[in-house]
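A short worksheet on the structure shown next.
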Amino acid sequence: MRYLLFFCACALLSSGVGAVELSDTYGTIQSPRFPDSYPSDTEVTWNMTVPVGFRIKLYFLHFDLEPSYLCEYDYAKVEAEGLVLGTFCGKESTDTEQAPGQQEILSPGPTMSLTFHSDFSNEERFTGFDAHYTAVDVDECMEQSDEDLICDHHCHNYISGFYCSCRFGYLLHTDNRTCKVECSDNLYTLRSGTISSSDFPNPYPKSSDCLYRIELEEGFSVTIIFDDSFDIEDHPEVTCPYDFLKIKAGRKEYGPICGEKSPGRIETGSNSVQILFHSDNSGENRGWKLSYVAAGNSCPVLQPPANGNIEPLQSAYTFKDQALITCNVGYHVLKDNLEMDAFQIECQKDGTWSNVVPTCKIVDCKAPRPLENGHVTFSTTNNRTTYQSSLQYSCQQPFYEMVPNITSAYTCEANGVWKNSELGTKIPTCQPVCGQPTRPLPGIIKRIIGGRNAEPGFFPWQVLIVVEDLSRVPEEKWFGGGALLSESWVLTAAHVLRSQRRGSRVIPVSKEHVTVYLGLHDVRNKMDAVNRTVEKIILHDDYDPKIYNHDIALVKLKGKVTLNMYVMPLCLPRLEHELEGPLPNTLGLVAGWGISNPNATVDEVISSGMRTLSDILQYVKLPVVLHAECKTSYESRSGNYSVTENMFCAGFYEGGKDTCLGDSGGAFIIQDPDTKRWVVQGLVSWGGPEECASKQVYGVYTKVSNYVDWLEENLAF
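So the sequence shown is numbered by my numbering: it starts at 35 and just counts up by one.
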């Protein structure tokens, strides 16, 4: 190796001038004969080349050349791309000469040359230099300036190169450096708006062609107003050669437009406008901004209807303007005989409205819902049913009462419904008044047996139940009493309606064989009474015909009865003290058409064709007997007698007052001391084998208070 170096040095020395090409990415360069003294009258150039994207870094580890003024004798010169990067001599820098020292010399590009020169003589021994070079990556991104941008937006460096990227919303141009926008499909269909170059007022994108289209319905005319801030690159001699705006409106064209003077206001006279904006690959101008408005033919000024409003109410309307017609509270828009909350009209391109302004009609709640067995009374004499009219409901007196008992009026509301402050849109009901006959009962009451006749209207709930089966031989015929509970239901004893046919099953008589008479006073005048056939008969499921336990039944009439002073219902126990049942010694009333002859037997009554029965309704006042006393009185007699907890007794120990055959099913009633209503507490059920009203024989009654739940459950159907 030393031989080769020596050989090369000799060759260089013999020629005096030489050049060496170096293409490696790093290497060492030494002066001839280094580290021995370099020869005189020698010039050698080393040309270094590295790959594109790199530059060359050169530095000296040893440097010792003959010093001279401005290095005119011996020197090492570094050059790149036609520029002298440095000329060095001596060993240390002085005022007249420069040594490289620790300096690193960088080339601007991938080439550099180092030239060594020595003159014809050296007065002293100088060892020359030992230099090293290496390829280093060029950071193009760091070296770009505002005047000379490598990338429009973002620059990314990598070994031996770089690449560009764009901000969101931009696209990289095919030159891989410029950022453009995709803006060829901007459509505006509203009647007003703003349009501007991308990023306005910041510089607009390069290398872009933007198309903005304003497309409105035929009949509109678009006006464009540019902002005063207007800056598009221009040229002092050539009209808009770089960037420009062009506007096309129908057959009219405007532009190209550029420079710093705003075009101001442009009346296009068209409903379709195209705005083209072109930019080249250079420039930093701020762009433009405009607003547009569209106007059409004017329509006549609108006047609100009586009791109505127009929104918006304007002094002028143009094509496509809309107006909403509404009415004041309590009024409806009336259009083509249809009532609605609002109606909208629109200004048409020919300058006419799409429809005439409708009228406002006062809200009509129409006729209120009828109240069965009641009346409607209007606050005005002409029975107005329009907004803010009022009315009141009332029931037919004295036979019906209002439930709930409201006193406030119903008012016609703005939404077209009748409304009450207490019930809202619901209406009350008229329910029959119970237990309050229009003719008060007299204070002195004698026994039915030999007792006093009832006056018409004393017992308006009293009914006569007649059972006749003429198809059987012998004919079956009997009757009993009962109490009216409502317009459709009658309460009686189960044994009155139990079939007389033999058998273990307890079944009711056929409803076709039963007739109920109401408002009856004299049985000889049944034609004057109200009569009803029967829809349904319900006997208590646990009725025991042997001991008459659970002796209670309900009869549903076919067709409601009309209440009057002779036909009114009786009250069921409702209040807490009423539900306890009758207390001992409490006086109650019983009415009926039963046997008035105390000595007549059942066989005599039947054989006489009921001629021994009372023609006129009779009534009696009886005290309730202590339950234990009643049970004792029947236990002392022979026979199957059982006074259960579902029964109570009434009568006098000494006899003389009692119910009798034919009174069965009639109501034992007690007047409530607080409400003064007559309440059914018992049903005539059975008695002893002796004659009616005998001494120590009490009448036995079904205790109704024990069956209130059963009654309410069945009365609901």
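By construction, the Cβ of each residue, glycine as well, lies at the ideal position given by its N, Cα and C atoms.
Spatially closest choice to Pro657 from Tyr687, Ser667 and Ser670, by CA coordinates: Tyr687
Contacting residues, own chain, Cβ-Cβ under 6 Å from Thr79 (five flanking each side not counted): Ala53, Ser147 and Thr149
Residue ranges of each alpha helix (DSSP H) within the stretch 352 to 434, 4 or longer: none
Buried/exposed call for Arg608, threshold 16 Cβ in 10 Å: exposed
Alpha-carbon spacing of Leu789 relative to Pro297, whole angstroms: Not covered by the structure: residue 789. The range shown for the chain is 35 to 751.
Secondary structure of Arg67, DSSP reduced to three states: coil
Alpha-carbon to alpha-carbon, Asn416 and Asn331: 50 Å
Inter-residue CB distance, Ser102 and Asn156 (contact presumed, cutoff 8 Å): Incorrect: roughly 11 Å between the Cβ atoms, too far for contact.
Ile483 - DSSP class collapsed to helix/strand/coil: Bear in mind that a pLDDT of 43 at Ile483, under 50, signals an unreliable position, so the number given afterwards is only what the model happens to contain. If DSSP states are grouped into helix, strand and coil, Ile483 belongs with coil.
Best match in Pro66, Val86 and Gln356 for proximity to Thr59 [C-alpha to C-alpha]: Val86
Interface flag, Tyr600 vs chain D, CB-CB below 9 Å: Structure shown: chain D not included; a single protein chain is present.
Range covered by the alpha helix (DSSP H) that runs through His584: It is not in any alpha helix (DSSP H) - His584 carries neither H nor E in the DSSP assignment.
Helix, strand or coil at Asp58 [DSSP, three-state]: coil
Rounded straight-line distance, which links the Cα of Tyr741 to that of Gln426: 38 Å
Residues near Asp173 by beta carbon distance below 7 Å, same chain, minus five either side: Asn191
Buried versus exposed call for Leu654 [16 or more other C-beta atoms within 10 Å across all chains shown]: In the sequence as displayed, the identity of residue 654 is Val instead of Leu. By the 10 Å Cβ count, Val654 comes out buried.
Euclidean distance between Cα positions of Cys200 and Ile379: 50 Å
Strand pairing of Arg89, partner residues [DSSP]: Val170
Buried or exposed (CB count within 10 angstroms, at least 16 for buried), Lys286: exposed
Any alpha helix (DSSP H) of 4 or more consecutive residues that is wholly inside the stretch 181 to 225: none
Cβ neighbours of Ile581 in the same chain (closer than 8 Å, five flanking residues each side left out): Asn674, Tyr675, Ser676 and Thr678
Neighbourhood of Gln64 by C-beta, 8 Å cutoff - its chain only, sequence neighbours within 5 removed: Gly162, Phe163, Asp164 and Ala165
Span separating the alpha-carbon of Phe41 from that of Tyr197: For Phe41, the predicted model reports a pLDDT of 33, less than 50, meaning its position is unreliable and no value from the coordinates is stated.
Where Ser739 sits in the DSSP three-state scheme: helix
Residue span of the beta strand (DSSP E) that contains Ala329, given as start and end: Lys323 to Ala329
Residue span of the alpha helix (DSSP H) that contains Thr666, given as start and end: His661 to Glu669
Rounded straight-line distance, which links the Cα of Asp108 to that of His151: 5 Å
Environment of Lys592 [buried if 16+ CB atoms lie within 10 Å]: exposed
Coil, strand or helix - Asn748 by DSSP: helix
Selection from Trp322, Ala114, Pro707 and Lys594 that minimises the alpha carbon distance to Pro235: Trp322
Rounded straight-line distance, which links the Cα of Gln534 to that of Val738: 24 Å
Beta carbon of Lys511 nearer than 9 Å to that of Val497: no
Same chain, Cβ closer than 8 Å to Gln356, five either side skipped, listed in chain order: Gln378, Ile379, Glu380 and Cys381
Residues that Met82 bridges to, as DSSP identifies them: Leu56 and Met146
Sheet register partners of Gly622 (DSSP bridge): Leu656
Lys560 in three-state terms, based on DSSP: helix
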